[in-house]
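2 protein chains.
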Amino acid sequence: MAVAQVRDVAALAGVSPATVSNALNHPAKVSPATLARIQAAIDELGYIRNDAARQLRAGTNRAIGMIVLDIANPFFTDVARGVEDVLIADGRPLILGNSAQEPTRETSYLDLFEQQRMSGVLITPVGDVMDRLRRLRDRGTSVVLVDRMSRAKEFSSVSIDDKMGGRIATEHLLDMGRRRIGFIGGPASLAQVKTRLAAARAAVDKHGSGEIVFVETETMNAQAGRWGAEQLLELPREERPDAVFAANDLVALGVLQALTLAGVRVPDDIAIIGYDDIEFAASAAIPLSSVRQPAQQLGSAAATLLLDVIADPAGSKVKHTTLKPELVIRRSTAGA
Amino acid sequence: MAVAQVRDVAALAGVSPATVSNALNHPAKVSPATLARIQAAIDELGYIRNDAARQLRAGTNRAIGMIVLDIANPFFTDVARGVEDVLIADGRPLILGNSAQEPTRETSYLDLFEQQRMSGVLITPVGDVMDRLRRLRDRGTSVVLVDRMSRAKEFSSVSIDDKMGGRIATEHLLDMGRRRIGFIGGPASLAQVKTRLAAARAAVDKHGSGEIVFVETETMNAQAGRWGAEQLLELPREERPDAVFAANDLVALGVLQALTLAGVRVPDDIAIIGYDDIEFAASAAIPLSSVRQPAQQLGSAAATLLLDVIADPAGSKVKHTTLKPELVIRRSTAGA
DNA sequence: CGGCGCGATTAAATCGTTCCAATGCGCCTT
DNA sequence: AAGGCGCATTGGAACGATTTAATCGCGCCG
């Protein structure tokens, strides 16, 4: 007997396996006296239920899977913490996967979640996974999109208004008198990037003067930011922007480093605004203006919504919650 | 038939379920022709294996569980990325849990991993979990400690030399002429805190002059750092330190913020050194000196070691790998 | 005094896959 | 030509829990 099983516990407590199972899963069905005896037996043997067997017979896995875009980005860890808080309160384990913006990894986590018959999945998609998600849902796994709305409105989602975020960031730069704005981020296929960029262009158009220079990066970390800044610096003097709108704060910090290193004065020569308002934005060498996203709130809203969907999968219809971002002005875009 | 099962695939391909299983798990045992037919059937039906059933029968779960101290700390996400890289190469899913320095949460993740019969667990312990880990190991789950050595040397581990780290940070401050050093971090029960603090005290003793003022915090984030700095500022003028050694960079950044806000000049009035050398340390308002820990390397070493242990659980004996930290000097401790 | 009902308990079936031992079959050896 | 060998395949048991329907005991009511 390598490890104790229900039948061992049952034998020790002098009851049948079925009663032990009831004690564990439907305590109300078991008399207090037997309950106590069973509990004692469990403790004595150090019995731990085999979740695979339970899941197989019961047909459900309580766990929730979550796939984030980039675990190294504090924005996503904040979201994850919001999710965690809600799920822990509901007694459900959270399985966290990091796609690192790679469709391959995203797919392999989806495979895992599908094989495990998770009861729910939270995902910020990178690749084209709508088919996969549909299949997941058909199999009984509830799905909620995080920080992204599905075009076809098939899935419930929680997101932050990227259009507004892109707009207010750009308007702020224009208000500060900047005209040539470098937008750094990517890949352009990412919904967040696409929307923020489009909103920036729209804001410039509406303003009537100004211009957006798009530098597309492969990912969105500080290294990409440094690379993006170098691209801008290679432009002929007259094409060089007087402001940078970075698609997230990691990129913005990278831009700031590269510009400073190259002797460019921030914000005098080039202003910088980031996105997310991660904790480190405020303590940067030149405190970073940014578009604050309520990350933890986003996470808890997503988790709450997911639990609703799980409770009533067929129920009502698809819901979309949109939170508002907020402009945070700091020194990196201060007036000249 | 809600979802396709092996028997459906088998029927469609005109073979028995056992052959389908072999095709999936031991492809070499199946002839190429049948393999192709089965693959076609799988694709057509969109068959996804039920992992619970597989696990129950096979008796093993390939997944690895990892419990980190604080998902919001870039140091730990870097470690996690190192782990992920190694595991993905080995085709094993990583299940990431965040204890957030709370023993309760740590325990509930251990419960989960135990119920799931994980093949391995990586953990940076908060609470007193040695008994739990022993039980896990007795049940066949391999365990490797991350960033912490077990006193009794029961478990293999990978860590970074905290004694050396504490020493070099302190010696650096002493070299720069600082004498009263505030050490901020906690709780004191955390091994990392304990060791770094002891090493700092030892360095001061050896130097013959100087003094350590310990401010114990409940956690190790920027907020704790701000609080810790306020404690120091409340000291009478003559007891106020001329340097702060923060137990990690998040704390250090908090200290920096609070001191700057209070009009204290860094490093002139008070020098600051952090620990971990997270990416954001370099781009701080006043670039932060720190003790660099090779986080990703730590993670990949831990994962590699864990895979070794899994491959041969009884094998040889307990192994400890210790990596060396490195002093990184920046402006926050620059000469007066 | 017998039957009924109710709560507590149980025997046995079941979940979907993998593993083991055995089978079938064609080909080589003697 | 018979026996043996190896490869591909298969039937059926087994994994460890939960669930369902049936059983048991006991008090209460008619």
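As you go down the protein sequences, you meet chains Z and E in turn.
For the first sequence, our numbering assigns the number 35 to the initial residue and increments by one for each residue that follows.
For the second sequence, our numbering assigns the number 35 to the initial residue and increments by one for each residue that follows.
Quick reminder that beta carbons are idealized off the backbone N, C-alpha and C, glycines included.
Keep in mind that this is a model prediction, so the values were computed, not measured.
- Judged by their CB atoms, E/Ser323 and E/Ile306 are nearer to each other than the 9 angstroms cut-off.
- Interface annotation, E/Leu130: in contact with chain Z, CB-CB separation under 9 angstroms.
- In the three-state scheme derived from DSSP, where H, G and I count as helix and E and B as strand, Z/Asn95 is classed as strand.
- Annotation: Z/Gly161 to Z/Thr141 spans about 8 angstroms, alpha carbon to alpha carbon.
- The three-state secondary structure of Z/Glu136, taken from DSSP, is coil.
- E/Thr141 has no beta-bridge partner at all, per DSSP.
- At a cut-off of 9 angstroms, the C-beta of Z/Asn95 has a neighbouring C-beta in chain E.
- If the five residues before and after Z/Arg214 are omitted, its C-beta is found closer than 8 angstroms to the C-beta atoms of Gly244, Glu245, Val247, Glu273, Arg274, Pro275, Asp276, Ala277, all from its own chain and listed in chain order.
- Excluding five sequence positions before and after E/Asp172, none of the CB atoms of its chain fall closer than 8 angstroms to its own CB.
- Contiguous beta strand (DSSP E) elements confined to the stretch 151-193 of chain Z occur at 152-157, 176-180, taking only those with 3 or more residues.
- Between the beta-carbon of Z/Pro359 and that of Z/Met152 there is about 30 angstroms, and that puts the pair past the 8 angstroms contact cut.
- Here Z/His354 carries a strand assignment [DSSP, helix/strand/coil].
- In the structure shown, Z/Asp119 adopts helical secondary structure according to DSSP, grouped into three states.
- E/Phe217 is bridged by DSSP to E/Phe248, E/Phe279.
- Closer than 9 angstroms to the CB of Z/Ala258 there is not a single CB belonging to chain E.
- Judged by their CB atoms, Z/Gly333 and Z/Asp112 are nearer to each other than the 9 angstroms cut-off.
- For Z/Gln150, the chain E residues whose C-beta falls within less than 8 angstroms of its own C-beta are Asp85, Ala86, listed in chain order.
- Look at E/Glu118: its C-beta is under 9 angstroms from a C-beta on chain Z.
- Every unbroken stretch of the beta strand (DSSP E) spanning 3 or more residues and falling wholly within the stretch 269-348 of chain Z is given here in chain order: 277-280, 305-307, 324-326.
- Contact of Z/Arg115 with chain E is assigned, a C-beta pair being separated by under 9 angstroms.
- The closest CA to that of E/Phe217, considering only E/Asn282, E/Ala123, E/Gln291, is found on E/Asn282.
- In the three-state scheme derived from DSSP, where H, G and I count as helix and E and B as strand, E/Val227 is classed as helix.
- E/Arg91 counts as exposed, since fewer than 16 other C-beta atoms from the protein chains shown sit within 10 angstroms of its C-beta.
- Scanning chain E for C-beta atoms nearer than 7 angstroms to the C-beta of Z/Arg173 yields Val37, reported in chain order.
- One alpha carbon belongs to Z/Val192, the other to Z/Glu118, and they sit about 16 angstroms apart.
- At a beta-carbon threshold of 7 angstroms, the residues of chain E lying near Z/Gln89 are Ala86, ordered along the chain.
- Distance from E/Val300 to E/Ile320 at the Cβ level is roughly 5 angstroms; contact confirmed, criterion being Cβ atoms closer than 8 angstroms.
- Ranking Z/Leu79, Z/Ser133, Z/His241, Z/Asn95 by CA distance to the CA of Z/Ala47 puts Z/Leu79 first.
- Counting C-beta pairs closer than 8 angstroms gives fewer than three between the stretch 172-184 of chain E and the stretch 198-209 of chain E, which falls short of the contact rule.
- When DSSP states are grouped into helix, strand and coil, E/Gly131 belongs to the strand group.
- Residue pairing by DSSP places E/Val362 opposite E/Ser324 in a beta bridge.
- Annotation: Cβ neighbours of Z/Arg169 in chain E (cutoff 9 angstroms, chain order): Gly80, Ile82.
- CA-to-CA, the gap between E/Tyr143 and Z/Trp261 works out to about 40 angstroms.
- For Z/Met100, the three-state secondary structure derived from DSSP is strand.
- Under the DSSP assignment, Z/Val54 falls in the alpha helix (DSSP H) whose first and last residues are 51-59.
- Less than 9 angstroms separates the beta-carbon of Z/Asn56 from that of Z/Val64.
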